[in-house]
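Engineer:
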Amino acid sequence: MSSEPSASFHNVRFPLGISFGATGGPEWKNEILTLVSGHEKRNARWAHSRRHYDAGTGIRSLVDLRQVLSFFEARRGSLYAFRFHDPFDNKSANYNAENSAYDQKQIISDGKTECFQLVKNYEDYTRPITKPVEKSVKLAVDGAPFDNFEVDYLSGNISFSPDDIPHAGAVITAGFAFDVAVRFNTDQLLASITS
2 MSSEPSASFH NVRFPLGISF GATGGPEWKN EILTLVSGHE KRNARWAHSR RHYDAGTGIR
62 SLVDLRQVLS FFEARRGSLY AFRFHDPFDN KSANYNAENS AYDQKQIISD GKTECFQLVK
122 NYEDYTRPIT KPVEKSVKLA VDGAPFDNFE VDYLSGNISF SPDDIPHAGA VITAGFAFDV
182 AVRFNTDQLL ASITS
């Protein structure tokens, strides 16, 4: 399976128990050019990383296999993307910590912007979060919990009504759980029962 930014999306999650046994993670595409002088120049070909998973490592029983077969059929192979719970990176907080409204700096309000994209920060890289888990998003403005917002759980956009936009200079932080949009990278699923 690979991460998918496409519009052909079914808003359903891959079986959670199987995803916990999956292997995989982020991938970047970089270009390395060797100059005449022997020095190298490196260019990032993608603005954001993509993720690849092997869910086969999470199948431990015939029941699991049947779940995956059914899910694969419902997505018509690689036709439709779906939600996948990344067992390694799925929330705003660090590892064993609970999510809180103070986990990730989002934006500094200009007092006019009604909508912004939810993000997760990795040192100096900012990753857009497009599939937050429903009812998991918490916001704070200048360190105080803030409830007057709406979340688009299919795009990761946070919206304020015109009357509730935080004042200019306000620091907006957020906590959340999230999934990754992926699709099967094959149209044929080969299965075998050996024991």
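For the sequence shown, position 161 matches number 162 in my numbering, and the numbering has no gaps at all. Here a beta-carbon is modelled for each residue, glycine too, at the ideal position from N, C-alpha and C.
(1) Quick test of your reading: F72 and F15, contact by CB under 8 angstroms. State the CB separation rounded to the nearest angstrom.
(2) Please look up how many angstroms separate the CB atoms of L179 and V142, rounded, as I've assumed it's under 8 angstroms.
(3) Using only the alpha-carbon positions, how far apart do A98 and V181 sit?
(4) Between T131 and the rest of its own chain, which residues show a CB-CB distance below 7 angstroms, the 5 nearest in sequence each way excluded?
(5) Give a yes or no on whether the C-beta atoms belonging to K42 and L36 are separated by under 8 angstroms.
(6) Within a Cβ cutoff of 7 angstroms, which residues of the same chain sit near F21, ignoring the five residues on either side of it in sequence?
(7) Thinking C-beta only, is K113 closer than 8 angstroms to I159?
(8) Need the endpoints of the alpha helix (DSSP H) that I215 sits in, please.
(9) Among residues of its own chain, excluding the 5 on either side of A23, which ones have a beta-carbon nearer than 7 angstroms to its beta-carbon?
(10) Straight-line CA distance for S79 to N12?
(11) Please classify Q105: is it buried, with 16 or more other beta-carbons within 10 angstroms of its beta-carbon, or exposed?
(12) Going by Cα to Cα distance, which pick from V138, Y154, L191 is closest to T174?
(13) What are the partner residues of L34, as DSSP defines its beta bridges?
(14) The beta strand (DSSP E) that contains R128, what's its start and end?
Structural biologist: Put simply:
(1) With a Cβ gap of about 6 angstroms, F72 and F15 count as contacting.
(2) For clarity, residue 179 is Phe in the given sequence; the question names Leu instead. Not quite, the Cβ-Cβ distance comes to about 21 angstroms (not below 8 angstroms), so this is no contact.
(3) 20 angstroms
(4) S156, G157, A182
(5) Going by beta carbons, K42 and L36 fall inside the 8 angstroms limit.
(6) G59, P88
(7) no
(8) Nothing can be reported for residue 215, as the shown portion of the chain is limited to 2 through 196.
(9) Same-chain partners within the cutoff: Y54, D55, A56, T58, G59, P88.
(10) Just so you know, the alpha carbons of S79 and N12 end up roughly 15 angstroms apart.
(11) buried
(12) V138
(13) Bridge partners of L34: K42.
(14) Run containing R128: 126 to 129, per the beta strand (DSSP E) assignment.
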